[in-house]
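A.B. asks: Quick note: the sequence shown uses UniProt numbering, first residue 1, plus one each step.
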Amino acid sequence: MKKGQNIIFIVLTVVIVGMLFIPGVKSFIQEMIFPIKKIENATTLSDKAYQVELKGINTSNANLADFKGKKPLFLNFWGTWCAPCREEWPSIQKLYDEKKGEMDFVLIAMMDKEEAVRKYLEENQFTVPVYLAESPLDESILPKSFPTTFVLSKEGRIVLKETATRDWHSESALNILNQMGN
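(1) Leaving out five residues before and five after Asp104 in sequence, what residues of the same chain have Cβ atoms less than 6 Å from its Cβ?
(2) Considering Cα atoms alone, identify which of Leu121, Ala133, Glu123 is closest to Ala62.
(3) Name the residue from His169, Val128, Ser140, Asn124 whose alpha carbon lies nearest to the alpha carbon of Lys161.
(4) Look at residue 191 and Phe126 and say whether their C-beta atoms are less than 8 Å apart.
(5) Helix, strand or coil: which one does DSSP assign to Glu40?
(6) Can you find at least 3 beta carbon pairs, one from the region 76-94 and one from the region 51-58, that sit closer than 8 Å?
(7) What are the boundary residues of the beta strand (DSSP E) that includes Glu53?
(8) Leu174 and Val151: beta carbons closer than 8 Å?
(9) Rounded to whole angstroms, what is the Cα-Cα separation between Trp81 and Val117?
(10) In terms of alpha-carbon separation, which member of Leu45, Thr44, Trp78 lies closest to Ala164?
(11) Helix or strand or just coil, what does DSSP make of Gly4?
(12) DSSP on Glu139, reduced to helix/strand/coil?
(13) Between the Cα of Ser170 and those of Asp47, Ile57, Leu137, Tyr96, spot the shortest distance and give me the residue it belongs to.
(14) Under three-state DSSP, which class holds Arg118?
(15) Shortest alpha-carbon distance to Leu142 belongs to which of Glu114, Leu75, Val11, Ser172?
(16) Are the beta-carbon atoms of Ile158 and Glu114 separated by less than 8 Å?
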């Protein structure tokens with residue numbers, strides 16, 4: 001009987017580990033277990049939270065406040081040193097290519113050198129607007145982990161906050177973004 005239990009355990013372990021390495025299965029399992037959810041009692045960022053001077057790496061310099069009141073905003077905090085951040089970049093690029101006319105994108109590289117960010121973007125041919133923060137971040141948007149992404153309505157309401165790697169071009173992410181409208 002014990003031998004039978006060992007065989008079942010080994011078979012289940014091999015199946016579970018194998019599923020994680022089959023393309024698309026890991027993302028599917030993640031979406032099923034940890035779906036992106038709207039924040040129920042969404043808060044609105046204060047005007048103070050928007051007062052962040054941004055140095056453009058592959059775009060013009062700006063202030064985060066420049067993006068309030070125009071379109072929904074995809075605000076992502078990341079770093080070239082962060083493996084989970086690099087993992088989600090291709091899906092962010094796909095999302096940007098599809099939604100750049102409907103929403104603004106601000107990706108802020110944290111704890112990074114400008115040269116490293118510039119090199120990363122060029123090597124991977126990423127075109128999503130990337131910035132370095134040149135003034136302190138308000139506590140309400142200061143990331144505690146990386147990557148951290150906020151999706152904000154044009155009025156500054158936090159519609160979604162994600163503190164883990166995501167496939168931002170997945171069906172569930174696109175459904176939420178499509179429901180936001182302009």
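Note that beta-carbon positions come from the ideal geometry of N, C-alpha and C, so glycine has one too.
All values derive from a computational prediction rather than experimental measurement.
C.D. replies: In terms of the structure at hand:
(1) Phe67, Lys71, Leu73
(2) Ala133
(3) Ser140
(4) The question about residue 191 has no answer, for the chain in this structure spans 1 to 182.
(5) With a pLDDT of 40 at Glu40, under the threshold of 50, the predicted position of this residue should be treated as unreliable, though the coordinate-derived value follows. Three-state result, Glu40: coil.
(6) no
(7) 53-56
(8) no
(9) 10 Å
(10) Trp78
(11) helix
(12) coil
(13) Tyr96
(14) helix
(15) Leu75
(16) no
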